[in-house]
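Enquirer: Input: one structure, supplied below.
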Amino acid sequence: MDLILLGKAVILGVVEGLTEFLPISSTGHLILVGDLLDFNDERGKAFEVIIQFGAILAVCWEFREKLWKVASTIKTSSISRRFVMNLLIASIPAMGLAFLFGKYIKAVLFAPIPVASAFIVGALVIFWAEKRQKTVAASKNPIQSVDELTPLDALKVGLAQCAALIPGTSRSGATIIGGMLFGLPRAVATEFSFFLAIPVIGGATAYELLKLWKSPISLSGDFTWAIVVGFIAAFVSAFICVRWLIRYVAGHNFIPFAWYRIIFGVLVLLSAYTGLVAWSH
Numbered sequence: 001m002d003l004i005l006l007g008k009a010v011i012l013g014v015v016e017g018l019t020e021f022l023p024i025s026s027t028g029h030l031i032l033v034g035d036l037l038d039f040n041d042e043r044g045k046a047f048e049v050i051i052q053f054g055a056i057l058a059v060c061w062e063f064r065e066k067l068w069k070v071a072s073t074i075k076t077s078s079i080s081r082r083f084v085m086n087l088l089i090a091s092i093p094a095m096g097l098a099f100l101f102g103k104y105i106k107a108v109l110f111a112p113i114p115v116a117s118a119f120i121v122g123a124l125v126i127f128w129a130e131k132r133q134k135t136v137a138a139s140k141n142p143i144q145s146v147d148e149l150t151p152l153d154a155l156k157v158g159l160a161q162c163a164a165l166i167p168g169t170s171r172s173g174a175t176i177i178g179g180m181l182f183g184l185p186r187a188v189a190t191e192f193s194f195f196l197a198i199p200v201i202g203g204a205t206a207y208e209l210l211k212l213w214k215s216p217i218s219l220s221g222d223f224t225w226a227i228v229v230g231f232i233a234a235f236v237s238a239f240i241c242v243r244w245l246i247r248y249v250a251g252h253n254f255i256p257f258a259w260y261r262i263i264f265g266v267l268v269l270l271s272a273y274t275g276l277v278a279w280s281h
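Per my numbering, the sequence shown runs over residues 1 to 281.
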């Protein structure tokens, strides 16, 4: 058993779980950490997508009562049917663009320098959204839960999610901040982002597994164990992060994450410019 590979799997799993639902880009962090760990080949990219499902299972477990209620009442409850429809509507734009341009985006933008640049740009958007949120909060938005979202609200969030196709932008950041810019309360936008991750990342994981099944990359041996270990690490760390974030958004804004993005992005750019780190291109 390759203990070094398992160690990399643990590190990447924890990074995935801690960053998937925060507005700081899990994909961006995985690209950077994978580059530092020299685990950024085709196997590494497939690994990163698959372990994201571990983080999704953490959301499913945290919101199991809500999900079970929706599943058990979808035939009788218009609220449950609208909830599912909203998730489908919000998922379609990003999944469609990923299908059409995913290969091009991975070839051009899945590298440390574009990721660092997206970190900084995304931070500026967060500053703007938080400033605007004060005005929205003062106007007492009538939407107080995800069950009150309309299909149009879902479509707007889904369109905002398309920005997350640029690595370093953050899927959760795009949906949460996008929802806030469209007038949703922070807590509602955050919760909807949790649920929206289930079909989007679940679909991406299934697609990646299908590609692996048909590819020459072997799923046996050490790589399989790495996936298992990374999956578990992602689940545990994501569960802790989701619990924390639910409490955090009740009384805090996302400004600290914006400053984190700027500092991290600048450090990556400086390390590349000075040659301190030999980032891949």
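Note that beta-carbon positions come from the ideal geometry of N, C-alpha and C, so glycine has one too.
Look up Val-277 in the DSSP assignment and say whether it is helix, strand or coil.
Expert: Locating residue 277 in the sequence shown gives position 277, where the first residue counts as 1. Coil.
Enquirer: Considering only their Cβ atoms, is the gap separating Pro-23 from Leu-109 smaller than 7 angstroms?
Expert: Position 109 of the sequence shown holds residue 109. Position 23 of the sequence shown holds residue 23. No. Outside cutoff.
Enquirer: Comparing alpha-carbon positions, which option in Gly-275, Trp-213, Asp-41 and Lys-66 lies nearest Glu-191?
Expert: On the sequence shown, residue 191 is found 191 positions in, with the first residue counted as 1. It is Lys-66 whose Cα lies nearest to the Cα of Glu-191.
Enquirer: Could you give the residue range of the alpha helix (DSSP H) that holds Ala-187?
Expert: Stepping through the sequence shown from its first residue, residue 187 is reached at position 187. Counting along the chain, the alpha helix (DSSP H) containing Ala-187 begins and ends at 186 to 214.
Enquirer: I believe Ala-250 touches Gly-158 by the beta-carbon criterion, under 8 angstroms. Please report the beta-carbon distance rounded to the nearest angstrom.
Expert: The residue you call residue 250 lines up with position 250 of the sequence shown. The residue you call residue 158 lines up with position 158 of the sequence shown. Wrong, their Cβ atoms sit about 25 angstroms apart, outside the cutoff.
Enquirer: Quick one: any contact between the segment 38 to 49 and the segment 164 to 179, if contact means 3 or more CB pairs under 8 angstroms?
Expert: no
Enquirer: Between which two residues does the alpha helix (DSSP H) harbouring Ser-172 extend?
Expert: Walking along the sequence shown from the start, residue 172 turns up at place 172. Run containing Ser-172: 171 to 181, per the alpha helix (DSSP H) assignment.
Enquirer: Going by beta carbon distance, what residues of the same chain come within less than 7 angstroms of Asp-35, once the five residues before and after it are set aside?
Expert: Here residue 35 corresponds to residue number 35 of the sequence shown, with the count starting at 1. If we look at Asp-35 and ignore the five residues flanking it on each side, its Cβ neighbours are Pro-112, Trp-279 and Ser-280.
Enquirer: With a threshold of 16 other CB atoms inside 10 Å of the CB of Pro-142, please say whether the residue is buried or exposed.
Expert: Residue 142 sits at position 142 when you count from the first residue of the sequence shown. It counts as exposed.
Enquirer: Residue range of the alpha helix (DSSP H) that Cys-60 falls in?
Expert: Taking the first residue of the sequence shown as 1, we reach residue 60 at position 60. In the DSSP annotation of this structure, the continuous segment of the alpha helix (DSSP H) that includes Cys-60 starts and ends at 42 to 62.
Enquirer: Could you check what DSSP says for Phe-254 in three-state terms: helix, strand or coil?
Expert: Counting from 1 along the sequence shown, the entry for residue 254 is found at position 254. Reduced to three states, the DSSP call for Phe-254 is coil.
Enquirer: Kindly list the residues whose CB is nearer than 8 angstroms to the CB of Gly-202, restricted to its own chain and excluding five residues on each side of it in sequence; keep chain order.
Expert: The count along the sequence shown starts at 1 and reaches residue 202 at position 202. Only Phe-53 and Ile-56 meet the Cβ criterion.
Enquirer: DSSP state of Gln-133, grouped into three classes?
Expert: The count along the sequence shown starts at 1 and reaches residue 133 at position 133. Reduced to three states, the DSSP call for Gln-133 is helix.
Enquirer: What are the boundary residues of the alpha helix (DSSP H) that includes Leu-165?
Expert: In the sequence shown, the residue the question calls residue 165 occupies position 165. Careful: Leu-165 lies outside any alpha helix (DSSP H) and carries neither H nor E.
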